[in-house]
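Take the sequence shown: its letters are residues 1 to 161, numbered as in the UniProt record's numbering.
From the three backbone atoms N, C-alpha and C, an ideal C-beta is built for every residue, glycine too.
Following: one structure in C-alpha coordinates, then a few remarks.
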Amino acid sequence: MYKIDNVLNILEDQEYEFKEISGGNPRNAIKNNVAEYATAFLNNQGGRILYGITDDRKVKGFTANASLIDEIKQAIYNSLRQIQPPLSGNHYQIEFHSVYDSNSQVIEDLYVLEVVIPPSHDRKAIYFDKGRHLHIRLDGVKHTLNGNEIISFIQGKLLES
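Here it is in C-alpha coordinates:
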(Lines of atoms letter the chains of each structure in order from A and count residues from 1; the text may use other names and numbers.)
(Lines give C-alpha, C1' and ligand atoms only; values in the text may rest on other atoms or scores of the structure.)
Protein backbone atom coordinates (compact mmCIF):
# COMPACT_ATOMS: atom_id res chain seq x y z
CA MET A 1 0.00 0.00 0.00
CA TYR A 2 1.33 3.41 -0.99
CA LYS A 3 0.57 6.10 1.60
CA ILE A 4 1.18 9.73 0.72
CA ASP A 5 4.51 11.08 2.05
CA ASN A 6 5.53 7.68 3.48
CA VAL A 7 9.10 6.63 2.82
CA LEU A 8 9.50 3.24 1.13
CA ASN A 9 11.72 0.69 2.82
CA ILE A 10 13.45 -0.15 -0.47
CA LEU A 11 16.32 1.65 -2.18
CA GLU A 12 17.08 2.41 -5.79
CA ASP A 13 19.30 -0.48 -6.76
CA GLN A 14 19.72 -3.09 -9.50
CA GLU A 15 15.97 -3.79 -9.39
CA TYR A 16 14.27 -0.46 -8.54
CA GLU A 17 14.21 2.99 -10.13
CA PHE A 18 12.16 5.86 -8.65
CA LYS A 19 10.90 8.69 -10.83
CA GLU A 20 9.12 11.72 -9.41
CA ILE A 21 6.48 13.33 -11.59
CA SER A 22 6.03 17.00 -10.85
CA GLY A 23 3.88 19.38 -12.84
CA GLY A 24 2.94 19.07 -16.48
CA ASN A 25 1.43 16.05 -18.15
CA PRO A 26 2.64 12.79 -16.56
CA ARG A 27 2.23 11.06 -19.93
CA ASN A 28 5.06 13.14 -21.38
CA ALA A 29 7.35 12.64 -18.38
CA ILE A 30 6.87 8.86 -18.51
CA LYS A 31 7.06 8.61 -22.32
CA ASN A 32 10.35 10.50 -22.35
CA ASN A 33 12.33 7.98 -20.27
CA VAL A 34 10.52 4.66 -19.93
CA ALA A 35 12.36 3.00 -22.86
CA GLU A 36 15.78 4.08 -21.54
CA TYR A 37 15.16 2.52 -18.13
CA ALA A 38 13.47 -0.56 -19.61
CA THR A 39 16.48 -1.10 -21.86
CA ALA A 40 18.85 -0.76 -18.91
CA PHE A 41 16.83 -3.34 -16.96
CA LEU A 42 16.60 -5.70 -19.95
CA ASN A 43 20.38 -5.53 -20.32
CA ASN A 44 20.67 -6.50 -16.66
CA GLN A 45 18.27 -8.86 -14.90
CA GLY A 46 14.96 -7.03 -15.13
CA GLY A 47 13.55 -4.49 -12.72
CA ARG A 48 10.82 -2.04 -11.80
CA ILE A 49 10.30 1.64 -12.47
CA LEU A 50 8.11 3.36 -9.89
CA TYR A 51 6.69 6.67 -11.13
CA GLY A 52 5.40 8.94 -8.37
CA ILE A 53 8.22 8.15 -5.91
CA THR A 54 10.95 10.72 -5.16
CA ASP A 55 14.66 9.90 -5.16
CA ASP A 56 14.54 10.06 -1.36
CA ARG A 57 11.91 7.24 -1.51
CA LYS A 58 8.91 9.38 -0.57
CA VAL A 59 5.48 8.52 -1.99
CA LYS A 60 4.08 11.53 -3.89
CA GLY A 61 2.05 9.92 -6.65
CA PHE A 62 0.66 11.81 -9.63
CA THR A 63 -2.82 12.81 -10.70
CA ALA A 64 -4.51 10.95 -13.54
CA ASN A 65 -8.09 10.29 -14.57
CA ALA A 66 -9.23 7.25 -16.58
CA SER A 67 -8.60 8.93 -19.92
CA LEU A 68 -5.07 9.99 -18.97
CA ILE A 69 -4.31 6.50 -17.63
CA ASP A 70 -5.25 5.12 -21.06
CA GLU A 71 -2.99 7.71 -22.76
CA ILE A 72 -0.11 6.80 -20.43
CA LYS A 73 -0.49 3.09 -21.19
CA GLN A 74 -0.49 3.78 -24.93
CA ALA A 75 2.57 6.05 -24.61
CA ILE A 76 4.44 3.39 -22.63
CA TYR A 77 3.72 0.63 -25.14
CA ASN A 78 4.63 2.91 -28.05
CA SER A 79 7.93 3.81 -26.37
CA LEU A 80 8.75 0.20 -25.52
CA ARG A 81 8.09 -0.83 -29.13
CA GLN A 82 11.18 1.21 -30.09
CA ILE A 83 13.46 -1.17 -28.17
CA GLN A 84 15.56 -3.41 -30.41
CA PRO A 85 15.46 -6.37 -30.59
CA PRO A 86 11.73 -6.08 -30.05
CA LEU A 87 9.80 -7.82 -27.30
CA SER A 88 6.05 -8.31 -27.37
CA GLY A 89 3.93 -5.93 -25.32
CA ASN A 90 2.90 -8.72 -22.97
CA HIS A 91 6.53 -9.01 -21.80
CA TYR A 92 5.99 -5.89 -19.66
CA GLN A 93 3.53 -5.24 -16.85
CA ILE A 94 1.98 -1.84 -16.19
CA GLU A 95 0.23 -1.39 -12.84
CA PHE A 96 -1.42 1.75 -11.47
CA HIS A 97 -1.48 1.63 -7.67
CA SER A 98 -3.82 3.89 -5.68
CA VAL A 99 -2.26 6.28 -3.19
CA TYR A 100 -3.80 6.47 0.29
CA ASP A 101 -3.97 9.24 2.86
CA SER A 102 -2.79 8.91 6.47
CA ASN A 103 -6.17 7.38 7.38
CA SER A 104 -5.79 4.66 4.74
CA GLN A 105 -8.44 6.20 2.51
CA VAL A 106 -7.88 6.24 -1.25
CA ILE A 107 -6.93 9.65 -2.59
CA GLU A 108 -9.06 10.04 -5.70
CA ASP A 109 -7.13 10.00 -9.00
CA LEU A 110 -3.70 9.85 -7.32
CA TYR A 111 -1.47 6.97 -8.40
CA VAL A 112 1.96 5.38 -8.30
CA LEU A 113 2.73 3.71 -11.62
CA GLU A 114 4.82 0.55 -11.58
CA VAL A 115 6.35 -0.63 -14.84
CA VAL A 116 7.72 -4.15 -14.41
CA ILE A 117 10.42 -5.27 -16.81
CA PRO A 118 11.02 -9.01 -16.37
CA PRO A 119 14.42 -10.45 -17.27
CA SER A 120 14.91 -11.16 -20.95
CA HIS A 121 14.26 -14.72 -22.08
CA ASP A 122 17.51 -14.51 -24.05
CA ARG A 123 20.40 -13.86 -21.65
CA LYS A 124 22.76 -13.08 -24.53
CA ALA A 125 20.46 -10.49 -26.13
CA ILE A 126 21.62 -6.88 -26.11
CA TYR A 127 18.85 -4.27 -26.10
CA PHE A 128 19.04 -0.83 -27.64
CA ASP A 129 16.70 2.11 -27.06
CA LYS A 130 15.48 3.43 -30.43
CA GLY A 131 17.87 0.95 -32.04
CA ARG A 132 20.97 3.03 -31.19
CA HIS A 133 21.38 3.76 -27.45
CA LEU A 134 22.75 1.07 -25.15
CA HIS A 135 21.83 1.53 -21.48
CA ILE A 136 22.76 -0.66 -18.53
CA ARG A 137 21.88 -0.67 -14.84
CA LEU A 138 24.66 -0.03 -12.32
CA ASP A 139 23.57 -0.28 -8.67
CA GLY A 140 20.69 2.17 -8.79
CA VAL A 141 21.89 4.19 -11.77
CA LYS A 142 21.13 4.01 -15.49
CA HIS A 143 24.34 4.36 -17.48
CA THR A 144 24.50 5.00 -21.23
CA LEU A 145 27.44 3.23 -22.82
CA ASN A 146 29.66 4.78 -25.49
CA GLY A 147 32.43 3.55 -27.79
CA ASN A 148 34.70 1.02 -26.08
CA GLU A 149 32.18 0.53 -23.25
CA ILE A 150 29.72 -0.86 -25.81
CA ILE A 151 32.35 -3.21 -27.22
CA SER A 152 33.30 -4.40 -23.73
CA PHE A 153 29.65 -4.95 -22.77
CA ILE A 154 28.93 -6.93 -25.94
CA GLN A 155 32.05 -9.06 -25.47
CA GLY A 156 31.02 -9.76 -21.88
CA LYS A 157 27.54 -10.85 -22.98
CA LEU A 158 28.94 -13.13 -25.65
CA LEU A 159 31.32 -14.77 -23.16
CA GLU A 160 28.60 -15.46 -20.55
CA SER A 161 27.96 -19.13 -20.10
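- By the Cβ test, the stretch 102 to 113 is not in contact with the stretch 125 to 137, since fewer than three Cβ pairs between them sit closer than 8 Å.
- For residue 155, the three-state secondary structure derived from DSSP is helix.
- For residue 95, the uninterrupted beta strand (DSSP E) run begins and ends at 93 to 100, by DSSP.
- Counting along the chain, no beta strand (DSSP E) covers residue 39; the unbroken alpha helix (DSSP H) around it starts and ends at 34 to 42.
- Using a Cβ distance threshold of 8 Å, residue 36 and residue 142 count as a contacting pair.
- Listed in chain order, the non-local C-beta contacts of residue 1 below 7 Å within the same chain comprise 100, local neighbours out to five positions each way being set aside.
- Between the C-alpha atoms of residue 30 and residue 93 there is a straight-line separation of about 15 Å.
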